[in-house]
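Listed in order, the protein sequences are those of chains A and B. Everything in the first sequence is counted per this note's numbering, starting at 5 for the first residue and increasing by one. Everything in the second sequence is counted per this note's numbering, starting at -16 for the first residue and increasing by one.
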Amino acid sequence: MSLLEVRNLRISTRRGLPLVKGIDFTVEQGEWFALIGESGSGKSITANSITDLLNASLTRQADAISFDGADLLGRGRQPLRKVRGEQIAYVFQDYQSAFTPYYTVSNQMHEMLKAHRSMSADKRRAMIEAGVEAVGLDPRLIKRYPFQVSGGQLQRLALASAVLLKPKLLIADEPTTALDSWSASVVLDELASIRAATGCSILFITHDLRIMNRYADRVAIMQKGEIVERGSKDQVVLRPQHPYTRDLLASTPPLRSDVQRLPVQGESARIQVKARPQTPTDTVADEPVLRAQDLVKVYGNGTRAVDGVSLMLPAGSCLGLVGESGSGKSTLARCLLSLERIDSGDIWLRDQHLNQLSGLALRSARQQMQLVLQNPNASFNERLPIRASLMEPLECIGRSSPGFLSVGDDPRKVAAALLDLVQLPAEYLDKLPNHLSGGEKQRVSIARAISTEPSFIVLDEPTASLDVSTQARVLNLLKDLQDALGLSYLFISHDLSSVHFISQHLIVMKDGIVVDDFDRTELFDSDRHAYTKQLIDLFEDLPSQVA
Amino acid sequence: MRPATWLVPLGKWVAQGIGFFFVLTIISFLIVQLAPGDAVLSMLRIDTVAVTQDEIEALRNELGLNDPAWQQYVRFLGGVLQGDFGASLMTGKSVMGELSKAFPYTLMLAGATMAVVIVITFVLGGLAARFRGSLVDKGVAAFCTAGAAVPTFWLGLLLIDLFAVRLHILPSSGMATAAGLVLPTVALAIAIAPPYIKILRNSLIEASGREFVRAARARGVTESVIFGKHTLRDSLIPLVTILGVSLGSLLGGTVIVEVTFGIPGVGKLAVEALARRDYGVIQAFIIVVGMAIFVINLLVDLSYRALDPSISLKGAERA
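#1: When you compare the segment 167 to 178 of chain B with the segment 92 to 100 of chain B, are there three or more beta-carbon pairs, one atom per stretch, that lie closer than 8 angstroms?
#2: Taking the alpha-carbon of Phe136/B as reference, which of Ala258/B, Gly2/B, Leu282/B, Phe244/B has the nearest alpha-carbon?
#3: Are the C-beta of Pro83/A and some C-beta of chain B separated by less than 8 angstroms?
#4: Which of the three DSSP states is assigned to His114/A in this structure?
#5: Between Thr104/A and chain B, is any beta-carbon pair separated by less than 8 angstroms?
#6: Suppose you measure from the CA of Gly312/A to the CA of Gln297/A; what does that come to, to the nearest Å?
#7: How about Asn59/A: is its C-beta nearer than 8 angstroms to some C-beta of chain B?
#8: For a contact meaning CB atoms closer than 7 angstroms, what does Asp291/B contact in chain A?
#9: Closest to Gly80/B by CA distance: which of Gly139/B, Leu60/B, Phe268/B, Ile279/B is it?
#10: Which residue's Cα is closest to the Cα of Gly155/A: His211/A, Met131/A, Ala182/A?
#11: Should the segment 254 to 262 of chain A be regarded as contacting the segment 467 to 483 of chain A, the criterion being three or more beta carbon pairs within less than 8 angstroms?
#12: Output the distance between the C-alpha atoms of Ala38/B and Leu138/B, rounded to the nearest integer angstrom.
#13: What residues of chain A sit near Gly203/B, judged by a beta carbon separation below 7 angstroms?
#14: Answer with buried or exposed for Val(-9)/B, where buried requires no fewer than 16 other C-beta atoms within 10 angstroms of its C-beta.
#15: Glu35/A to Leu7/A, Cα distance in whole Å?
#16: Is the CB-CB distance between Ser334/A and Ile175/A below 8 angstroms?
#17: Assuming Trp(-4)/B and Leu281/B form a contact by the criterion Cβ under 8 angstroms, report the distance between their Cβ atoms to the nearest whole angstrom.
#18: At what residues does the alpha helix (DSSP H) containing Gln157/A begin and finish?
#19: Ends of the alpha helix (DSSP H) at Tyr219/A?
#20: Compare the C-alpha of Ala129/B against each of Phe3/B, Arg43/B, Ala70/B, Ile180/B and name the closest.
#21: For Gly350/A, which beta-bridge partners are listed by DSSP?
#22: Could you name the residues of the same chain whose beta carbon sits closer than 8 angstroms to that of Leu433/A, not counting the 5 residues immediately before and after it, in chain order?
#23: Give the DSSP-derived three-state secondary structure of Gln245/A in the structure shown.
#24: Please confirm if Ala199/B has its CB atom under 8 angstroms from at least one CB of chain A.
#25: What does the Cβ neighbour count give for Asn12/A, buried or exposed, with the cut at 16 atoms within 10 Å?
#26: Which of the three DSSP states, helix, strand or coil, is assigned to Lys445/A?
#27: Closer than 7 angstroms: is that where the CB of Leu7/B sits relative to any heavy atom of the ligand ADP?
#28: Determine whether the Cβ of Ser187/A lies closer than 8 angstroms to any Cβ atom of chain B.
#29: Taking C-beta pairs closer than 8 angstroms, name the residues in chain B that Tyr149/A reaches, listed in chain order.
#30: For a contact meaning CB atoms closer than 7 angstroms, what does His213/B contact in chain A?
#31: Taking 6 angstroms as the limit between beta carbons, can you name the residues of its chain near Leu107/B, skipping five residues before and five after?
#32: Is the CB of Gly109/B under 8 angstroms away from at least one CB in chain A?
#33: For Leu173/A, which three-state DSSP category applies?
#34: Measure the alpha-carbon distance for Ala93/B versus Ser232/B and round it to whole angstroms.
#35: Alpha carbon to alpha carbon, what distance is there between Val223/B and Ile103/B?
#36: Candidates Asp413/A, Ser449/A, Gly412/A: which alpha carbon is nearest Leu428/A's?
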């Protein structure tokens, strides 16, 4: 008998819009079952619906949801409450919200035990301390408030509290998506050892195929509210049947094989640009557009966020900057863009000594730099149509068209041509940002960044908030644009595989220091820094890519 | 708690309080200096006796009005620091005495009103959030619109007409007994409560959709604990903000209600003083009510810190 059996589950909005369209799946005793899908595929609401945790705006129907031989569907609120936490426990993506910010973690762990068991406070304390130690953390940590604990540790505490009562099923809904790759691997290993120790089953929800490949026993792929493919992990990874599965597999940039483009479906042809840009500053190749020497940035509390970093970005190439959250990589980017004052060191933008400029000279130097940020939703004014946001930089510098376009000076034509470069139709010009998907907005951000023909563009985690297949298309686009226009990028990410895919040269940052610095072809050299090697392990290729 | 986390904001508050006090004294001093008309003239004219220029000058010298402005300010400040605002030009009694006679009435009215507002808010706001979209919710919304739209004095008159004139169960004016407090309190509460009710309703609904509420539910925590501990606490923060604002304006006196119900509170006193150019009373009113509002804002700030530990802890200690 399966531990969990879900038959013909349907979830729709109150207005009747179907989100999950009749899916069936089972989770067996002790197995790691992965439900794979991109945002909007319905995987998270599927997980929440099992113990009726859906928002009031959604309705759930099913032929059966049975758990450990008992029917969960017909149960009232009270018995279902006893199941939650005791037999079926959850770990969610948003670790900041795993605990209420107004109470300490300890308070909320006690609260959970009180809800299920009547036992003395001392016994509860002993049980909680044992649980926290079991995930490798200091029990004193739980005396803190959630916001005083780092992301990775907080997620491990959430995990510890989820398994306190030894549930038979642990539902992990993208538990590592919001963490940097190093914290993520710690949480995942913890999850695996909990399963080994308690024999619980895991329903794991993710969009990350590397995680699936490493841990899952059985897999179901969800797309638009339906399960399109299912089977054992090896079967799905090595012999994918459904085109969507193949697309997902192709979207993961491999480290070992040298691909020019990620082979995703449904992409239009490569970008055609009439002429290479011939700006006056476009001189000898290999001349660095950006050079930084011994940069130091110290924050008021004494943190050396950037501690003696030197780097060089040759014209027309891409420099990749890899680092975990808190490594100082975004601070470094802000210093390079002179959005933040450096405490010592030198920055040259071509032959201009950037950190000695001020006033008008600094303003005009800033026009030669552009920035694309991680969150495409925050980089648009939601009340302005796309056209207005897109053309704003050109208007600011008083130009009508970038030199690489030859469509005249009509702003509408220029805007349409810019959108065409990033493979978006001209109709989008009059749309408002919230009518575009995240990937489309990021394309507009890119078009906007290249419109002023900057000397270089800083891409700060430009694909981190996108789905894998969207991410692959944006990476391809960035590469095509670079080939066509001779752009120079500084690409910042914690995702080694994306950085490696797009960059000619990589630097690895940790605690404000550059620990490694190498050409893309030297990634697997034996003299790589130990930290780089750890990262390589975390981003090991899928078996389908090794072949 | 290490002392540093508490001493720093405490020192800041004390410094702010002193700074604010000086600003208030300067403003109230300047108001008199810059006011049109002549205090001496208006003082002397009350008696409608003809006065000579010599008499006016004599009184000016006696009151020190011919000294340079800074000397007058220092003298004024010295008086203020001793709680001495001089005598009321009208009654001849000490200004501080007048004010401290009026203040308890206003304080009682403000306190009772806030208590009623809080009760109405939690009952109606809670019900509206619990039965969101139902008839209850719509009824509460209608009450809020009506309460905010009805002029307070008119509502007061209606209440007097019904309960005092027709039913004879409550006094129509004055605060001789506690019963006199009922009608003005109700009239004020109905006028003040609507934004509270709406804010509590909306923030309860917002809070119940928060991720951490779902996380608590997923741990099997009972619904009553989820509401009382997690949802409610999250909803109180926006409420406390406007609570400070309302309490401040209540302490400044609610002239309309005080006049309608014949309550001798500070609002009524201040308006009468204005009409008669009784500058001493106005100056005392500005400083005393100003400082009271400062203290209230301090309390609001403190209750923020009590409600949301991240305000005082953030940055102080991090993992």
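We put the beta carbon where it would ideally sit given N, CA and C, even for glycine.
This is what the structure holds:
#1: Short answer: they touch.
#2: Stepping through the second sequence from its first residue, residue 136/B is reached at position 153. Nearest option by C-alpha distance: Phe244/B.
#3: Position 79 of the first sequence, counted from the first residue, corresponds to residue 83/A. No - not a single Cβ of chain B is within 8 angstroms of the one on Pro83/A.
#4: As a position in the first sequence, residue 114/A is number 110, starting the count at 1. Note: His114/A maps to helix in three-state DSSP.
#5: One-based indexing of the first sequence puts residue 104/A at position 100. Yes, contact with chain B.
#6: Start at 1 with the first residue of the first sequence, and residue 312/A comes out as number 308. Start at 1 with the first residue of the first sequence, and residue 297/A comes out as number 293. As the crow flies, the alpha-carbon of Gly312/A is around 8 angstroms from that of Gln297/A.
#7: What you label residue 59/A is simply residue 55 of the first sequence in a count that begins at 1. Closer than 8 angstroms: yes.
#8: Looking up residue 291/B in the second sequence gives position 308. Within chain A, the residues near Asp291/B are Tyr106.
#9: Reading the second sequence from its first residue, position 97 is the one you call residue 80/B. The residue with the shortest Cα to Cα distance from Gly80/B is Phe268/B.
#10: As a first step, residue 155/A is located in the first sequence; it is residue number 151 there, counting from the start. For Gly155/A, the nearest C-alpha among the options comes from Ala182/A.
#11: With the cut-off at 8 angstroms, the segment 254 to 262 of chain A and the segment 467 to 483 of chain A touch.
#12: Start at 1 with the first residue of the second sequence, and residue 38/B comes out as number 55. Start at 1 with the first residue of the second sequence, and residue 138/B comes out as number 155. Residue identity differs from the one stated: residue 38/B is Glu in this sequence, not Ala. Going from the Cα of Glu38/B to the Cα of Leu138/B covers about 50 angstroms.
#13: Numbered from its first residue, the second sequence carries residue 203/B at position 220. Per Cβ cutoff of 7 angstroms: Arg85, Lys86, Arg88, Gly89, Glu90, Met116, Ala119, His120.
#14: Here residue -9/B refers to the residue found at position 8 when the second sequence is read from its first residue. So Val(-9)/B ends up on the exposed side.
#15: Within the first sequence, numbered from 1, the residue matching residue 35/A stands at position 31. Within the first sequence, numbered from 1, the residue matching residue 7/A stands at position 3. Approximately 10 angstroms between the Cα atoms of the pair.
#16: Within the first sequence, the letter at position 330 stands for residue 334/A. Within the first sequence, the letter at position 171 stands for residue 175/A. No, they are not a contact pair.
#17: Reading the second sequence from its first residue, position 13 is the one you call residue -4/B. Reading the second sequence from its first residue, position 298 is the one you call residue 281/B. Correct: roughly 6 angstroms between the Cβ atoms.
#18: Start at 1 with the first residue of the first sequence, and residue 157/A comes out as number 153. It spans 155 to 166 - the alpha helix (DSSP H) in which Gln157/A sits, taken as one unbroken run.
#19: Against the first sequence, residue 219/A aligns to sequence position 215. Note, Tyr219/A: alpha helix (DSSP H), 213 to 219.
#20: As a working mapping, residue 129/B is identified with position 146 in the second sequence. Minimum Cα distance to Ala129/B is reached at Ile180/B.
#21: Translated into positions along the first sequence, residue 350/A becomes position 346. According to the sequence displayed, residue 350/A carries Asp and not Gly. DSSP, once it has assigned bridges, lists Gln297/A as partnering Asp350/A.
#22: For this step, residue 433/A is matched to residue 429 along the first sequence. Once the five neighbours on either side are set aside, the close Cβ partners of Leu433/A are Pro389, Ile390, Arg391, Leu394, Arg416, Ala419, Ala420, Leu423.
#23: Position 241 of the first sequence, counting from 1, holds the residue named residue 245/A. In the structure shown, Gln245/A sits in coil (DSSP, three-state: anything other than H, G, I, E or B).
#24: On the second sequence, position 216 is the one that residue 199/B refers to. Yes, Ala199/B lies at the interface with chain A (some Cβ there is under 8 angstroms from its Cβ).
#25: Taking the first sequence and counting its residues from 1, one reaches residue 12/A at position 8. When all chains shown are included, Asn12/A counts as exposed.
#26: Your numbering for residue 445/A matches position 441 in the first sequence. The answer is helix: DSSP assigns Lys445/A an H, G or I state.
#27: This structure lacks the ligand ADP; in fact it carries no ligand of any kind.
#28: By one-based count along the first sequence, residue 187/A stands at place 183. For Ser187/A, the answer is no, since every Cβ of chain B falls outside 8 angstroms of its Cβ.
#29: Here residue 149/A corresponds to residue number 145 of the first sequence, with the count starting at 1. Scanning chain B for C-beta atoms nearer than 8 angstroms to the C-beta of Tyr149/A yields Pro292, Ser293, Leu296, reported in chain order.
#30: As a working note, residue 213/B is residue 230 in the second sequence. For His213/B, the neighbours in chain A by C-beta distance under 7 angstroms run, in chain order, Thr104.
#31: As a working mapping, residue 107/B is identified with position 124 in the second sequence. Here the set comprises Val123, Ile180.
#32: Your numbering for residue 109/B matches position 126 in the second sequence. Output row for Gly109/B: interface = no.
#33: Taking the first residue of the first sequence as position 1, residue 173/A is located at position 169. Three-state DSSP puts Leu173/A in a strand.
#34: Within the second sequence, residue 93/B is the residue found at index 110, counting from 1. Within the second sequence, residue 232/B is the residue found at index 249, counting from 1. Each residue's alpha carbon lies about 9 angstroms from the other.
#35: In the second sequence, residue 103/B corresponds to position 120, counting from 1. In the second sequence, residue 223/B corresponds to position 240, counting from 1. When only Cα atoms are considered, Ile103/B and Val223/B end up about 15 angstroms apart.
#36: Position 424 of the first sequence, counted from the first residue, corresponds to residue 428/A. Ranking the options by Cα distance to Leu428/A, first place goes to Ser449/A.
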